[in-house]
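Here the structure comes first, spelled out in structure tokens, and everything after it is commentary.
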Amino acid sequence: MSKFQTATDFFHACETLKGWEGCKEFVAEGALFTAQCEPLTELTTVQEYCEWMAAAGNGPLKGCSYKLHSSSYDEQ
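The sequence shown begins at 52 in the working numbering and counts up by one.
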């Protein structure tokens, strides 16, 4: 699988609220996560972010959806 396909598959798994179980096959073990916006500043791993997304999307943001208009990848 190409790096672009792996990134795309991770994105869709995360955005469709699969949580860590649905995302972990696309992520390196111990992958770190950083963000500048509240409340994500407290999260430090991609695993935590995936679980946060699933909880938010199945809780206060229930029924949310997304539409991807474009994507790109630079091998360099």
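For every residue, glycine included, the Cβ atom is placed at its ideal position computed from N, Cα and C.
Discussion item. Here's the rule: buried if 16 or more other CB atoms are within 10 angstroms of the residue's CB, otherwise exposed. What is Ala86?
Written reply: Sequence index remark: in the sequence shown, residue 86 carries index 35 (1-based). Under this definition Ala86 is an exposed residue.
Contacts around Gly73, its chain only, beta-carbon distance under 6 Å, and the 5 residues preceding and following it disregarded
Here residue 73 refers to the residue found at position 22 when the sequence shown is read from its first residue. Only Ala64 meet the Cβ criterion.
Handout entry: 9 Å Cβ cutoff met for Tyr100 and Ala58
Key = Taking the first residue of the sequence shown as 1, we reach residue 100 at position 49. Taking the first residue of the sequence shown as 1, we reach residue 58 at position 7. Contact: no.
Can you check DSSP and say which residues form a bridge with Leu83? For this step, residue 83 is matched to residue 32 along the sequence shown. For Leu83, which the question treats as bridged, DSSP gives the partners Thr96.
Look up Asp125 in the DSSP assignment and say whether it is helix, strand or coil.
Against the sequence shown, residue 125 aligns to sequence position 74. Coil at Asp125, not helix or strand.
- Does DSSP put Lys128 in a helix, in a strand, or in coil? There is simply no residue 128 to check, as the chain begins at 52 and stops at 127 in what is shown.
For Trp71, which of Ala105, Glu126, Lys118, Pro111 has the nearest alpha-carbon? The sequence position of residue 71 within the sequence shown is 20, counting from 1. Ranking the options by Cα distance to Trp71, first place goes to Ala105.
- Compare the C-alpha of Val78 against each of Leu112, Phe55, Ser121, His120 and name the closest. As a working mapping, residue 78 is identified with position 27 in the sequence shown. Residue Phe55 is the option with its Cα nearest to Val78.
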